[in-house]
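**Q** Quick one: this structure, given as structure tokens, is what I'll be asking you about.
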Amino acid sequence: MTDDMQPRTLPDRLRARIDEAPRRVWTPADFADIGSRAAVDKALQRMVTSGQLRRIERGLYDKPAQNALTGKSTVPDYRAVIDAIARRDQVRWLVDGMTAANTLGLTNAVPAKIEVLVDARLKPITLGNQKIVFKHAAPSRLYWAGRPGMYLVQALHWLHDVMSNDVEEGVVRKTVRRQLADKDTGSALLDDLKSGFSAMPIWMQHILRGPLFDAGEGDQG
0 MTDDMQPRTL PDRLRARIDE APRRVWTPAD FADIGSRAAV DKALQRMVTS GQLRRIERGL
60 YDKPAQNALT GKSTVPDYRA VIDAIARRDQ VRWLVDGMTA ANTLGLTNAV PAKIEVLVDA
120 RLKPITLGNQ KIVFKHAAPS RLYWAGRPGM YLVQALHWLH DVMSNDVEEG VVRKTVRRQL
180 ADKDTGSALL DDLKSGFSAM PIWMQHILRG PLFDAGEGDQ G
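Residue 0 is where the sequence shown starts when you use numbering that gives the first Met the number 0, and the numbers rise one by one after that.
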């Protein structure tokens, strides 16, 4: 966009930024470079009143979307909500294992409650039929917080008690390989899992060694 085409007013600049990432959840702090907090708050409130934005919770906003079948507003993505809270409150977070496994397609179980470990004390948030509950955790439990490998590691912790044979481990390895092959996120995931490999429990190293290092064991472990 050329200088002549840049939005001039503060509301226009807010809308332009939001339109660049329409699925993101926003906080006033995300627009600190555009205007004062009071001016940003006022502009956001006007956008909520006009229906351009939805206020999810105090200081959290998103661009509402409609379900094509029902015509009703879709529920905000829990990941975007947690990311926004982490930016707003400067916290580190780690999602629970069942939620991580569901996100990666490793289970059909849909948690009614999403538990998030954080290094702060936060109030729960309700998103449609789901509730996000924040649990204060010591820094030692947040090793994978905010890292590319967080979802996979947390999912494996949850699946550890479920996997009962080599076939199920093979299915997990195939999912890992698919994640690593993703052209957008695979490289960062691979580097992160390799860098944190020594911190993983032995059983998790056993599952991931082949996909990460191609040690010749393939999907047999």
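Glycine included, C-beta positions come from ideal geometry on N, C-alpha and C.
Suppose only complete runs of 4+ residues qualify. What are the alpha helix (DSSP H) ranges in the stretch 77 to 152, listed by chain order?
**A** 77 to 88, 96 to 102
**Q** Check whether the stretch 126 to 144 touches the stretch 102 to 117, counting contact only when three or more Cβ pairs, one atom from each stretch, lie closer than 8 Å.
**A** yes
**Q** Once the 5 residues before and after A144 are set aside, which same chain residues still bring their CB inside 7 Å of it?
**A** Only R91, W92, L93 meet the Cβ criterion.
**Q** Would you mind sorting N107 into buried or exposed? The rule is 16 or more other CB atoms within 10 Å of its CB.
**A** Looking at its Cβ environment, which holds fewer than 16 other Cβ atoms inside 10 Å, N107 is exposed.
**Q** Looking only at its chain, what residues have a beta carbon closer than 7 Å to the beta carbon of A100, apart from the 5 residues adjacent to it on each side?
**A** T106, A154, W157, L158
**Q** Which two residues bound the contiguous beta strand (DSSP E) that contains L68?
**A** Segment: none, L68 is in no beta strand (DSSP E) and carries neither H nor E.
**Q** Buried or exposed, going by whether 16 or more other CB atoms sit within 10 Å of the CB of V109?
**A** exposed
**Q** Beta carbon of R53, beta carbon of D40: below 9 Å?
**A** no
**Q** Can you round the beta-carbon distance between V170 and P210 to whole angstroms, since I take them to be within the 8 Å contact cut?
**A** The Cβ separation is near 12 Å, so there is no contact.
**Q** Is V90 near the ligand MG, judged by its Cβ being under 8 Å from some heavy atom?
**A** What this structure holds is no ligand at all, so the ligand MG is not there to describe.
**Q** Between which two residues does the beta strand (DSSP E) harbouring I17 extend?
**A** Note, I17: premise wrong, no beta strand (DSSP E); alpha helix (DSSP H) at 9 to 19.
**Q** With distances taken between CB atoms, is the gap from E168 to I206 smaller than 9 Å?
**A** yes
**Q** Below 8 Å, how does it come out for the stretch 8 to 28 and the stretch 36 to 51: are there three or more Cβ pairs, yes or no?
**A** yes
**Q** Using a Cβ-Cβ cut-off of 8 Å (strictly less than) and excluding sequence neighbours within five positions of V142, which residues of its own chain qualify?
**A** The question names Val, but residue 142 in the sequence shown is Tyr. Around Y142: G195, A198.
**Q** Could you check what DSSP says for D190 in three-state terms: helix, strand or coil?
**A** helix
**Q** Alpha carbon to alpha carbon, what distance is there between P63 and G70?
**A** 12 Å
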